[in-house]
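Down below is the structure, laid out as structure tokens.
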Amino acid sequence: MRKMMIGAALLLCSAPLLAQGGMGGMGGGPPGGGGPPGGGEGRPQKPREMKPIKRSQIDRIVTAMFAEADSNRDGIVTIDELRLVVQARREAIIRTRFDAIDSNHDGTLSLAEFQAWQSSMGSVALSETGAMGDQGGPVAEAIMPKLGDDPEDAILGRLIEPLNASAIAQANSNYDAGASLEEVLAFEHARFDAADADHDGVLSAEEMRSLMPRRGPWGGPGGPGGPGGAGGPPPRN
Numbered sequence: 018m019r020k021m022m023i024g025a026a027l028l029l030c031s032a033p034l035l036a037q038g039g040m041g042g043m044g045g046g047p048p049g050g051g052g053p054p055g056g057g058e059g060r061p062q063k064p065r066e067m068k069p070i071k072r073s074q075i076d077r078i079v080t081a082m083f084a085e086a087d088s089n090r091d092g093i094v095t096i097d098e099l100r101l102v103v104q105a106r107r108e109a110i111i112r113t114r115f116d117a118i119d120s121n122h123d124g125t126l127s128l129a130e131f132q133a134w135q136s137s138m139g140s141v142a143l144s145e146t147g148a149m150g151d152q153g154g155p156v157a158e159a160i161m162p163k164l165g166d167d168p169e170d171a172i173l174g175r176l177i178e179p180l181n182a183s184a185i186a187q188a189n190s191n192y193d194a195g196a197s198l199e200e201v202l203a204f205e206h207a208r209f210d211a212a213d214a215d216h217d218g219v220l221s222a223e224e225m226r227s228l229m230p231r232r233g234p235w236g237g238p239g240g241p242g243g244p245g246g247a248g249g250p251p252p253r254n
């Protein structure tokens, strides 16, 4: 019994030493490094440099947004036209949700179908919001830019204003019925042009850094007077 207790004590004492040594070479760096796979001496991988963003990329994305809003294809987007697009999206979502609940597809909902739908949600159905099944949130009152997941896409998201009623009104420089594609492009170029310090039509990695939110002293965005800082505008998400 005494030998067993001594052996257990030795194992407990050696456990911290194994943890400090990174369990030999299991870290992916040299033996005892404990670093990430392929890190070499435990150093983290350097993030890749962002690719330059051209003005033409803004034009391509904004032109697609404009085409989506211009439902009658007359080359002008009005606020009423935008509202109809948003309303059509809402109706499509409602119809899809109704069809999912209407299991026998007779165009009506029975109590049994409603109960089956709510039961399929599990504990979420106990919440007032969750019981409505609106897990995707409300339909945006705007045409949003279609972007990817690359770091450059995050910058494009900061440069491009969603096409909403406010954007159409601001872009409508001649104050007629609506905004043309040329007017919307001119409006959407404003942030890009402000960041393009050398005016070469391309945002370099250095110029793109000016668009990133500054980190405050506690890890939050913004210093005094900047986005998210004291006396400054709120940060743009």
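Throughout the sequence shown, residue numbering follows this note's numbering, covering 18 to 254 in sequence. All residues carry an ideal CB built from backbone N, CA and C; glycine is no exception. Here the structure is a predicted model, which means the values were calculated and not measured.
Per the DSSP secondary-structure output, Lys68 pairs with nothing in a beta bridge. Distance check between Ile75 and each of Arg106, Pro179 and Asp91 places Pro179 closest, using alpha-carbon atoms only. Per DSSP, reduced to three states, the secondary structure at Ala196 is strand.
The distance from the Cβ of Ala212 to that of Glu224 is about 5 Å, consistent with a contact at the 8 Å cut-off. For Leu101, the enclosing alpha helix (DSSP H) starts and ends at Ile96 to Ile118.
Apart from the 5 residues on each side of it in sequence, Glu85 sits with its Cβ closer than 6 Å to the Cβ of Ile160 in its chain, given in chain order. Around the beta-carbon of Asp87, 16 or more other beta-carbon atoms lie within 10 Å, marking it buried.
Note on Asn89: under 16 other CB atoms within 10 angstroms of its CB, so exposed under the neighbour-count rule. Beta-carbon to beta-carbon, Ala188 and Ala196 are separated by about 4 Å, close enough to satisfy the 8 Å threshold. In the DSSP secondary-structure assignment, Leu180 is bridged to Ile160.
Taking Thr80 as the centre and dropping the five residues before and after it, the same chain places the C-beta of Leu198 and Leu202 closer than 8 Å to its C-beta, in chain order. Note on geometry: alpha-carbon atoms of Arg65 and Ala186 lie some 39 Å from one another. Between Ile177 and Ile70, the C-beta gap is not smaller than 8 Å, which leaves the two residues out of contact. Across the set Arg72, Asp215, Pro230 and Ile111, the C-alpha of Ile111 shows the shortest separation from the C-alpha of Pro155.
Taking a 10 Å sphere around the C-beta of Phe209, we find 16 or more other C-beta atoms and assign the residue as buried. Relative to the Cα of Lys68, the nearest Cα in the group Asp116, Arg107, Asp167 and His122 belongs to Asp167. Taking Leu126 as the centre and dropping the five residues before and after it, the same chain places the C-beta of Phe115, Ile118 and Asp119 closer than 8 Å to its C-beta, in chain order. A straight line joining the alpha-carbon of Gly124 with that of Glu200 spans about 45 Å. The beta carbons of Ile96 and Ala214 sit no closer together than 8 Å.
C-alpha of Gly174 to C-alpha of Gly165: approximately 10 Å in a straight line. Looking only at Met229, Lys63, Ile78 and Arg106, the smallest Cα-Cα distance to Lys163 is reached by Ile78.
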